[in-house]
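Participant: In our numbering, the protein residues as written are 476 to 724.
Idealized CB from N, CA, C, for every residue including glycine.
Just so you know, these numbers come straight off a predicted model, no measurement behind them.
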């Protein structure tokens with residue numbers, strides 16, 4: 476099986492958590508819904524038109540955190556605009572805490588893309604290799620421009636889930652039998668987050684799951700349940716052979 480591998484990068488990012496109320500908190504990594512939105516922008520698909528075409532049943536996405544990040548909280552002014560005139564002369568302002576993901580010197584995520592839809596696969600591969608995007612891409616929010624960088628077309632093979640694995644992508648909590656603490660480094664910081672997986676046409680999340688990942692981008696020593704699905708991916712980066720264990724969202 477083939478898999479497209481590319482990096483998303485930028486100076487700042489904000490991936491809004493779906494369970495926020497007034498404060499705008501951010502995930503440390505982009506959820507699946509954010510990644511397919513970026514891919515849709517690259518391919519020139521209109522807003523909210525691609526949810527079925529790129530559902531989790533059709534398109535498989537995995538993300539690895541490639542840089543260490545930190546978060547800062549800023550207050551932003553929101554205006555209450557009930558009509559066009561309020562955009563010109565706003566009357567009501569509300570300050571909302573807004574969490575921003577920062578990197579040193581950048582935030583960078585490695586994306587693994589797989590689908591059996593040959594036309595979709597070829598279109599994305601061509602766009603990535605030519606470094607062309609129909610629409611500009613953003614890392615979760617409009618103020619945070621992002622870019623992508625082609626890495627390689629990798630080989631994907633189904634991995635035996637028996638025994639202990641080192642997995643470098645977020646893992647669904649229900650797929651975990653146990654964490655292998657003896658393999659973890661002291662600086663590991665595990666994060667558990669509930670993330671959206673699929674949207675309905677009205678942009679309402681119809682599928683959410685809880686995932687565990689390492690906030691510093693390290694692999695997690697883990698034993699998966701027998702029904703879990705894990706893959707080994709092989710690819711090249713600057714003449715260096717890379718092998719990783721990944722799990723798709």
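As an exercise, report each continuous alpha helix (DSSP H) stretch of at least 4 residues that is fully enclosed by the segment 533–618, in chain order.
Facilitator: List check, alpha helix (DSSP H) in window: 559–563, 593–605.
Participant: Name the DSSP beta bridge partners of residue 483, please?
Facilitator: Residue 483 is bridged to 584, 623.
Participant: Can you list, in chain order, the residues of its chain with a C-beta nearer than 7 Å to that of residue 652? Leave out the 5 residues immediately preceding and following it.
Facilitator: Closer than 7 Å at Cβ, skipping near neighbours: 698, 699, 700.
Participant: Where do the N-terminal and C-terminal ends of the beta strand (DSSP E) with residue 500 fall, by residue?
Facilitator: Where residue 500 is concerned, there is no enclosing beta strand (DSSP E), given that its DSSP letter is neither H nor E.
Participant: Per DSSP, what kind of secondary structure is residue 519 in: helix, strand or coil?
Facilitator: Of the three classes helix, strand and coil, the one that applies to residue 519 here is coil, per DSSP.
Participant: Give me the Cα-Cα distance between residue 518 and residue 548, rounded to the nearest whole angstrom.
Facilitator: Distance between the alpha carbons of residue 518 and residue 548: 33 Å.
Participant: Within the same chain, show all residues whose beta-carbon is closer than 7 Å to that of residue 633, passing over the 5 residues directly before and after it, in chain order.
Facilitator: The residues are 706.
Participant: Using DSSP bridges, identify the partner residues of residue 712.
Facilitator: According to DSSP, which records beta bridges pairwise, residue 712 is partnered with 715.
Participant: When the Cβ atoms of the segment 628–643 are set against those of the segment 499–513, are three or more pairs found closer than 8 Å?
Facilitator: With the cut-off at 8 Å, the segment 628–643 and the segment 499–513 do not touch.
Participant: Decide if the segment 525–540 is in contact with the segment 580–596; the criterion is three or more beta carbon pairs, one per stretch, under 8 Å apart.
Facilitator: These segments touch.
Participant: Helix, strand or coil for residue 512? Go by DSSP, reduced to three states.
Facilitator: DSSP places residue 512 in helix when its eight states are reduced to three.
Participant: Using the rule of at least 16 other Cβ atoms within 10 Å of the residue's Cβ for burial, across every protein chain shown, is residue 630 buried or exposed?
Facilitator: Answer is exposed; the Cβ neighbour count stays below 16.
Participant: The beta strand (DSSP E) spanning residue 670 covers which residue range?
Facilitator: Start and end: 665–674.
Participant: Quickly, what does DSSP pair residue 696 with across the bridge? List them, please.
Facilitator: Looking at the DSSP assignment, residue 696 forms a beta bridge with 641.
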